[in-house]
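What follows is a short report on a single structure.
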Amino acid sequence: MKSPSNEEEEGKVKLACNDALDHSVAHLSKNTLSDLARVRAVALSQSNAQTRSRKSVINRCIDWLFNPFINVGVPIAVAVVIAISVKYASIDAIPELPLAMMATEVPNEDFAMLEDLEFVTWLAENEQSALL
Amino acid sequence: MEAFLIDIEKRAYRMASFATGSHADALDLLQDSMIKLVSNYQDKPCKEWKPLFYKILQNKIRDWHRHQKVKNLLFFWKTDEVQEWPPAENDDHNLETPENSLAKSQQQGAALEHLKQLSPKQQQCFLLRSWEGLSVIDTADIMQCSQGSVKTHYFRAVSKLRKLMESDHEITF
Numbered sequence: 001m002k003s004p005s006n007e008e009e010e011g012k013v014k015l016a017c018n019d020a021l022d023h024s025v026a027h028l029s030k031n032t033l034s035d036l037a038r039v040r041a042v043a044l045s046q047s048n049a050q051t052r053s054r055k056s057v058i059n060r061c062i063d064w065l066f067n068p069f070i071n072v073g074v075p076i077a078v079a080v081v082i083a084i085s086v087k088y089a090s091i092d093a094i095p096e097l098p099l100a101m102m103a104t105e106v107p108n109e110d111f112a113m114l115e116d117l118e119f120v121t122w123l124a125e126n127e128q129s130a131l132l
Numbered sequence: 001m002e003a004f005l006i007d008i009e010k011r012a013y014r015m016a017s018f019a020t021g022s023h024a025d026a027l028d029l030l031q032d033s034m035i036k037l038v039s040n041y042q043d044k045p046c047k048e049w050k051p052l053f054y055k056i057l058q059n060k061i062r063d064w065h066r067h068q069k070v071k072n073l074l075f076f077w078k079t080d081e082v083q084e085w086p087p088a089e090n091d092d093h094n095l096e097t098p099e100n101s102l103a104k105s106q107q108q109g110a111a112l113e114h115l116k117q118l119s120p121k122q123q124q125c126f127l128l129r130s131w132e133g134l135s136v137i138d139t140a141d142i143m144q145c146s147q148g149s150v151k152t153h154y155f156r157a158v159s160k161l162r163k164l165m166e167s168d169h170e171i172t173f
């Protein structure tokens, strides 16, 4: 616990120092005052510039979203890309049949020959595998 | 915000100039602190600006001291130019008699010199507690130390100032 005399001494020290500090602040030189004003102006202008740049980024994003070129062009571009990728996929999936096999009418003789040919081929393969 | 900065800039400058001992460094620290406050905390309530600003300033001062330490270690052969500090004051407002004004100005100058002799933490603690009138809690938050440390720094600052004043002027408080 502080004694009253200590508190009084402390008070006098504080008063003397505070008085000196207040006086020094109240009597700053003109150069110092102008420097302080300049520093303050720089700080406030930085803030304004940051606010403007933030706003301009936001504004730019909004403008970009509502741009008619973007509104029309992007969906078209996306559709084209999808179409191309689907086409390539469909090409790779199913090979095209030869025209000859697409014919609707096949003569009976040729049909029989094809069946015999198929049988002979199968027989030959089986014999080969039996030999191995 | 501009009104707040106008109100606080002189005292903050004094605090920074005590910490750095240099007019240019004090202005740099002040500018950086103002920019940070204005950029990041402008949306906060007005009553929070003062402690926030001093917290930013104290952090900048601490960083400056660390930087100076490293600089002195690396460039120990270099001696910094001694700047006139405190800068010459404007005496246009002095309306007292010459004798009184001389004695008073000498006393005030001596008090400022004694403040410069305190350690950085004691100095800043005294300025925040006594001059700015901030509470122990606020000062501890600004200086990023415990309330006990604040009380210790403050007590030691006042004790040292008292001894210096007593020895300088051969007076007893």
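Read top to bottom, the protein sequences are chains A and B.
According to our numbering, the stretch in the first sequence is residues 1 to 132, in order.
According to our numbering, the stretch in the second sequence is residues 1 to 173, in order.
C-beta: ideal position from N, C-alpha, C; glycine also.
| task | Find the nearest neighbour of B/Gln107 within the set A/Cys17, A/Asn6, A/Ser5, judged by alpha-carbon distance. | result | Here residue 107 of chain B refers to the residue found at position 107 when the second sequence is read from its first residue. Of the candidates A/Cys17, A/Asn6, A/Ser5, the residue whose Cα lies closest to the Cα of B/Gln107 is A/Cys17.
| Among B/Tyr154, B/Ile137, B/Asp25, which one has its Cα closest to the Cα of B/Gln147? | As a working note, residue 147 of chain B is residue 147 in the second sequence. Nearest to B/Gln147 by alpha-carbon distance, out of B/Tyr154, B/Ile137, B/Asp25, is B/Ile137.
| message | I'd like the span of the alpha helix (DSSP H) that includes B/Tyr41, first residue to last. | response | Taking the second sequence and counting its residues from 1, the one referred to as residue 41 of chain B is at position 41. That residue, B/Tyr41, is in no alpha helix (DSSP H); it is neither H nor E in DSSP.
| query | Which value, in whole angstroms, describes the spacing of the CA atoms of B/Arg66 and A/Ala77? | reply | As a working mapping, residue 66 of chain B is identified with position 66 in the second sequence. As a working mapping, residue 77 of chain A is identified with position 77 in the first sequence. Rounded to whole angstroms, B/Arg66 and A/Ala77 show a C-alpha spacing of 57 Å.
| said: I need the DSSP call for B/Glu2, collapsed to helix, strand or coil. | reply: By one-based count along the second sequence, residue 2 of chain B stands at place 2. Note: B/Glu2 maps to helix in three-state DSSP.
| task | State buried or exposed for B/Cys46, treating a residue as buried only when at least 16 other CB atoms are found within 10 Å of its CB. | result | Mapped onto the second sequence, residue 46 of chain B falls at position 46. In summary, B/Cys46 is exposed, with fewer than 16 beta-carbon neighbours lying within 10 Å of its beta-carbon over all protein chains present.
| Collapsed DSSP secondary structure at B/Leu164 in the structure displayed | Looking up residue 164 of chain B in the second sequence gives position 164. Correct three-state label for B/Leu164: helix.
| message | Looking only at its chain, what residues have a beta carbon closer than 6 Å to the beta carbon of B/Asp25, apart from the 5 residues adjacent to it on each side? | response | Here residue 25 of chain B is taken as the residue at index 25 of the second sequence, counted from 1. Contacts found: none.
| request: Put B/Glu96 into one of helix, strand or coil per three-state DSSP. | output: Translated into the one-based positions of the second sequence, residue 96 of chain B becomes position 96. With a pLDDT of 49 at B/Glu96, under the threshold of 50, the modelled position of this residue cannot be trusted; read the value that follows with caution. The answer is coil: DSSP assigns B/Glu96 none of H, G, I, E or B.
| query | Checking contacts by CB at 8 Å: is B/Lys10 closer than that to chain A? | reply | Residue 10 of chain B sits at position 10 when you count from the first residue of the second sequence. So yes, B/Lys10 belongs to the interface.
| Cβ of B/Ile35 within 8 Å of any chain A Cβ | On the second sequence, position 35 is the one that residue 35 of chain B refers to. Cβ-Cβ to chain A under 8 Å: yes for B/Ile35.
| request: Mark A/Val120 as exposed unless 16 or more other C-beta atoms lie within 10 angstroms of its C-beta, in which case mark it buried. | output: Position 120 of the first sequence holds residue 120 of chain A. Exposed, because fewer than 16 other Cβ atoms sit within 10 Å of the Cβ of A/Val120.
| said: Does any residue of chain A have a CB that is nearer than 8 Å to the CB of B/Ser130? | reply: Within the second sequence, numbered from 1, the residue matching residue 130 of chain B stands at position 130. For B/Ser130, the answer is yes, since a Cβ of chain A falls inside 8 Å of its Cβ.
| query | So B/Lys10 packs on A/Val25, CB below 8 Å; how close in whole Å? | reply | Locating residue 10 of chain B in the second sequence gives position 10, where the first residue counts as 1. Locating residue 25 of chain A in the first sequence gives position 25, where the first residue counts as 1. With a Cβ gap of about 5 Å, B/Lys10 and A/Val25 count as contacting.
| Measuring CB to CB, does B/Asp168 end up less than 8 Å from B/Ala103? | For the purposes of this step, residue 168 of chain B is taken as the residue at position 168 of the second sequence. For the purposes of this step, residue 103 of chain B is taken as the residue at position 103 of the second sequence. No, the pair does not count as a contact, with Cβ atoms beyond the cut-off.
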